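2 protein chains.
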Amino acid sequence: MLSAEIIAIGSELLTPERSDTNSLWLTQKLNDIGIEVKLKTIVGDDEARLEETIRDAVKRSDIVITTGGLGPTEDDLTRQVSARALNKTLEYHNDLEVHLRARFRAWGREMPEINKRQAYIIEGADILPNPNGSAVGMYLSVDGKHIAIFPGPPREMQPMFENHVFDRLKVAAGDVIVKRRVLKISGMGESAVDEAIAPIYVTYPDVQTSILFNKSEVEAHLWLRSEDSIQADATLEEIAQKIVGKLGTAVFSIQGESMEEVVGRLLKKRGETLSVAESCTGGLIGSRLTDVPGSSAYFIEGVVSYSNTAKMRTLNVPEATLQEFGAVSAETAAAMAEGMRDAAKTDHSISVTGIAGPDGGSDEKPVGTVFVGYANGGRSKTMKIVLPGDRYLIRWRASQAALDYLRRQLLKAT
Amino acid sequence: MLSAEIIAIGSELLTPERSDTNSLWLTQKLNDIGIEVKLKTIVGDDEARLEETIRDAVKRSDIVITTGGLGPTEDDLTRQVSARALNKTLEYHNDLEVHLRARFRAWGREMPEINKRQAYIIEGADILPNPNGSAVGMYLSVDGKHIAIFPGPPREMQPMFENHVFDRLKVAAGDVIVKRRVLKISGMGESAVDEAIAPIYVTYPDVQTSILFNKSEVEAHLWLRSEDSIQADATLEEIAQKIVGKLGTAVFSIQGESMEEVVGRLLKKRGETLSVAESCTGGLIGSRLTDVPGSSAYFIEGVVSYSNTAKMRTLNVPEATLQEFGAVSAETAAAMAEGMRDAAKTDHSISVTGIAGPDGGSDEKPVGTVFVGYANGGRSKTMKIVLPGDRYLIRWRASQAALDYLRRQLLKAT
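Structure, rendered in structure tokens:
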């Protein structure tokens, strides 16, 4: 199996605010054709370290991919430093300069002389055209190693990789493919999932399994290298079905979908509609649901009843309920869901009220206390949970719990 | 100035799903005491590459920090490989084993024998206690180089760094400190901002400036190394004020705050209230506003009127308006904001209606067409924008545009 290294170049990637994301996208593409990423480096606009990084990478790994540092300014060192690291020279390409000048004129500007630097290419390299920017990429094969050099912006890099490099690497990687499946599981911890499904996955020694916890759900990642794509898919499907057989409805996706996609698919299939009444999540559930293209087919309305006034006026929550039980209570959650259902006349309504913190907690109802409500035509029900984490995580987990509660009601009703 | 390298260890960090985030937090801490991060490496559970990475890092840089790979399993290589890379041996510490056994017993379990591996420490290293996990860290000073070895989980690594390593590095770094400021600018492009403010920042050669575009805003990052903290702050404040003088209200923050924090602060200061009527953003604006602790002081209610029915029923948008101008129109945006204001009786209301795509666009109203509305006690007004990007970015940018529209109304009203 071929090994790859990815080098992200640019001092801005070494600040506390920025991180390299190109490598995640590239890793997915490389893994899909059976190439493993063995190392990633993030290096600044620093000649010595960049040269050493490229030299070492080419020595160690079969494929080296760099992103960034191809701009026209003094800081952009990738061209000359990678040439030096590969013991090659840079060659001037007049046609590239002509093309660059034409691009600038098309934007109504004269090309600054500094951009001429972008017409220099490492000797022997293939030029990778860049329809979305002024920096072309380069591809070389040296002593059986593959080197691909890209600009940093993802919308420039990605089409260049897909159109001009992916096929070459696929040929180099041979017929091995990698198939992946991501199962998502709600309402269980990482170790409980592992304990339950280990007896299944250990019987498939060719399949790699990893169990990860991701904000509000456990993910089981399965992957498999094979030369037989159909057989690999069948194996992964078999494991997925065994896991579903073991864990039941706790498995909310066997194809890596998000909770909002799963809920949306269920509603769409049934031709039913949904409305949402939110308090502590503040619109997050609506935002997640409508993040899914086509969600207008089932999502009708949301109300963010952040104040008690809004709960009473828009959702018809009785003042007595708020006074007797408080805004964060099962009774209020039920009244919110019912009020939302009655107003929007949807088949289903969900509600959330809780204490996201950092303030507002009490001994009886600590920060993280959340009530989730559900109402349909005939009835309503609620669930209490106490969620760990900071404000961001409590809100996210409350939104996930509400969507999952709806999912389980929909499955029961089938 | 001292240079640092950060090495993140673990094969899971080389998958498409995971990225190293420890280094961002560490970079912030290091920058604060004037230490520059020159290189970051992400390496898997791979003995040869890990050993080479550590050896090279110690050769090149003054400070080397590793995270991950200190667990008890076979995959956890950091202890033995870093010892070898530093030409040191591992020493068994009986007191650590005793302590580990006691921890496990406190959890009601016997220590698995495999965890004994966590009682081995590189010779000459100081032990960094880990109150949140079973893997202790290590700190060594070798030939003037500083090496700190941490477990991977952020909630273990961060207190260990702060309590046991930060002060040592601060002493090593001397009195140089780094001060940073992030200014955020809306409604202008990256190059327009740069063109406008370059004449300001070039007159401060000691201050590093970088201009970045971040989803929906331009950020100007200023930073400065100095031995005089007060003077450095004064210099950055002076530049910030000059930039505000040049760009005016386009600068929405001179302290790196988010748009929702800025809007929240303005409302809070004025003791005024807000409600939000959303269509294409689906709750995202409400979610962002209520992400700010204390937002219940000014955020009263939100309505996600995703369907026309909801626009008419809950926001009182006239059916004739929807029929004549369409749901995505200035007229509907105005009616949504007015209807929300009248229902919630808030001082201010904002509304958004638009086409987030991928479907639903037309020649007249392509995907990305968004109308933003604003209403207060006496009047309403609207703005049309056409936003580039995919569904995610269009929704995000629409939410930002609406909040910024509100901000500009609030500033005018002052």
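As they're listed, the protein sequences go chains F and B. For the first sequence, the tail end lands on 453 under my numbering, and the numbers increase by one without skipping. For the second sequence, the tail end lands on 453 under my numbering, and the numbers increase by one without skipping. Don't be surprised by glycine CBs; every beta carbon is placed ideally from N, CA and C. No experiment lies behind these values; they were computed from the predicted model shown.
Please list the partners that residue i has in chain B, where partner means a Cβ-to-Cβ separation under 9 Å.
i: GLU322 of chain F; result: Glu is not the amino acid found at residue 322 of chain F; the sequence shown has Gly there. Ordered by position in chain B, the residues that pass the 9 Å Cβ test against GLY322 of chain F are VAL315, GLU317, THR320, GLY321, GLY322, LEU323, ILE324, GLY325, SER326, ARG327, LEU328, THR329, GLY341, VAL343.
i: PHE457 of chain F; result: Given that chain F is displayed from residue 40 to residue 453, the structure contains no residue 457 of chain F and the question cannot be resolved.
i: ALA212 of chain F; result: Here the premise fails: no neighbours, minimum Cβ distance about 16 Å.
i: ARG156 of chain F; result: What ARG156 of chain F touches in chain B: nothing, since even the nearest Cβ is about 18 Å away.
i: VAL63 of chain F; result: Per the sequence presented here, residue 63 of chain F reads as Leu, with Val not at that position. Simply THR54, PRO55, GLU56, ARG57, SER58.
Can you name, in chain order, every residue of its own chain whose Cβ lies under 6 Å from the Cβ of residue i, other than the five neighbours on each side?
i: ALA187 of chain B; result: ILE104, TYR178, VAL204
i: THR106 of chain B; result: ALA47, ASN61, PHE189, GLY191, MET196
i: LYS79 of chain B; result: ILE45, SER62
i: THR66 of chain F; result: VAL76
i: ILE74 of chain F; result: LEU41, ALA43, ALA212
i: ILE424 of chain F; result: VAL409, ALA440
So what's residue i in DSSP terms, helix, strand or just coil?
i: ARG454 of chain F; result: Given a span of 40 to 453 for chain F in the structure shown, any question on residue 454 of chain F remains unanswerable.
i: GLU277 of chain F; result: helix
i: TYR131 of chain B; result: strand
i: GLN247 of chain F; result: strand
i: TRP262 of chain F; result: strand
i: LEU26 of chain F; result: The question about residue 26 of chain F has no answer here: the residues shown for chain F are numbered 40 through 453.
i: GLY108 of chain F; result: coil
i: VAL290 of chain B; result: strand
i: ILE324 of chain F; result: helix
i: LYS451 of chain F; result: helix
i: VAL409 of chain B; result: strand
i: SER318 of chain F; result: coil
i: GLU91 of chain F; result: helix
i: GLU113 of chain F; result: coil
i: GLU44 of chain F; result: strand
Return the chain-ordered list of same chain residues with a C-beta closer than 7 Å to the C-beta of residue i, the five sequence neighbours on each side being excluded.
i: ALA383 of chain B; result: SER314, ILE339, GLU340
i: GLY412 of chain F; result: ALA372, ALA373, MET375, ALA376, ILE389, SER390, SER419, THR421
i: ASN154 of chain B; result: PRO111, LEU139, SER173
i: ALA279 of chain F; result: ARG220, LEU222, ILE293
i: ASP115 of chain B; result: GLY108, LEU109
i: ALA211 of chain B; result: LEU41, HIS185
i: LYS307 of chain F; result: ALA336, TYR337
i: SER368 of chain F; result: PHE410
i: LYS209 of chain B; result: ILE72
i: ASP214 of chain F; result: GLU266
Sort out for me which residues DSSP pairs residue i with in a bridge.
i: SER419 of chain B; result: B:ALA414
i: ASN253 of chain F; result: F:GLU256
i: ILE216 of chain B; result: B:SER265
i: SER100 of chain B; result: According to DSSP, SER100 of chain B bridges with nothing at all.
i: VAL221 of chain F; result: F:HIS260
i: LEU426 of chain B; result: For LEU426 of chain B, which the question treats as bridged, DSSP gives no partner whatsoever.
i: LEU313 of chain F; result: F:PHE338, F:HIS387
By Cβ distance below 8 Å, which residues in the same chain neighbour residue i in space, the five residues on each side in sequence not counted?
i: GLU130 of chain B; result: TYR159, ILE160, ILE161, GLU162
i: LYS77 of chain F; result: SER42, ALA43, GLU44, ARG99, SER100
i: VAL246 of chain F; result: TYR240, LEU261, TRP262, LEU263, THR274, LEU275, ILE278
i: GLU256 of chain B; result: LYS223, ILE224, SER225, PHE291, MET298, GLN439
i: ALA366 of chain B; result: SER318, ASN347, LYS350, THR392
So which residues on chain F does residue i lean against when the C-beta distance must stay under 7 Å?
i: ALA349 of chain B; result: ILE339, GLU340, ALA383
i: VAL82 of chain B; result: LEU78
i: GLN294 of chain B; result: Neighbours of GLN294 of chain B on chain F: none; closest Cβ ~14 Å, over 7 Å.
i: ARG148 of chain B; result: In chain order: nothing, as chain F lies at least about 12 Å away.
i: ARG309 of chain B; result: Ordered by position in chain F, no residue passes the 7 Å Cβ test against ARG309 of chain B, which lies about 18 Å from the chain.
i: ARG430 of chain B; result: PRO332
Output, in chain order, the set of chain F residues within a Cβ distance shorter than 9 Å of residue i.
i: SER249 of chain B; result: SER50, GLU51, THR54
i: ASP85 of chain B; result: LYS77, LEU78
i: LEU353 of chain B; result: At residue 353 of chain B the sequence reads Thr, which differs from the Leu that was named. Chain F residues near THR353 of chain B: GLU340, VAL342, THR353, ALA382, ALA383.
i: ARG99 of chain B; result: ALA87, ARG88, GLU91
Verify the contact flag: residue i, CB atom, against every heavy atom of the ligand SAM, threshold strictly below 8 Å.
i: ALA437 of chain B; result: In the structure on display, the ligand SAM does not appear, and there are no ligands present to speak of.
Taking C-beta pairs closer than 8 Å, name the residues in chain F that residue i reaches, listed in chain order.
i: ASP398 of chain B; result: PRO332, GLY333
i: ASN70 of chain B; result: THR54, PRO55
i: ARG220 of chain B; result: Here the premise fails: no neighbours, minimum Cβ distance about 12 Å.
Would you mind telling me which residues of chain B sit closer than 8 Å to residue i, beta carbon to beta carbon, in chain order?
i: GLN67 of chain F; result: PRO55
Residue ranges of each alpha helix (DSSP H) run of no fewer than 4 residues wholly in the region 158-213 of chain F, ordered along the chain?
Entirely contained in the region 158-213 of chain F, the alpha helix (DSSP H) runs reaching 4 residues are, in chain order, 193-203, 205-212.
In chain order, what are the residue ranges of uninterrupted beta strand (DSSP E) at least 3 long that sit wholly in the region 363-401 of chain B?
If we require 3 residues or more, the beta strand (DSSP E) runs fully inside the region 363-401 of chain B come out as 387-393.
Pick out the complete alpha helix (DSSP H) segments inside the region 338-363 of chain B, 4 residues or longer, and give them in chain order.
Qualifying alpha helix (DSSP H) stretches, in chain order: 347-354.
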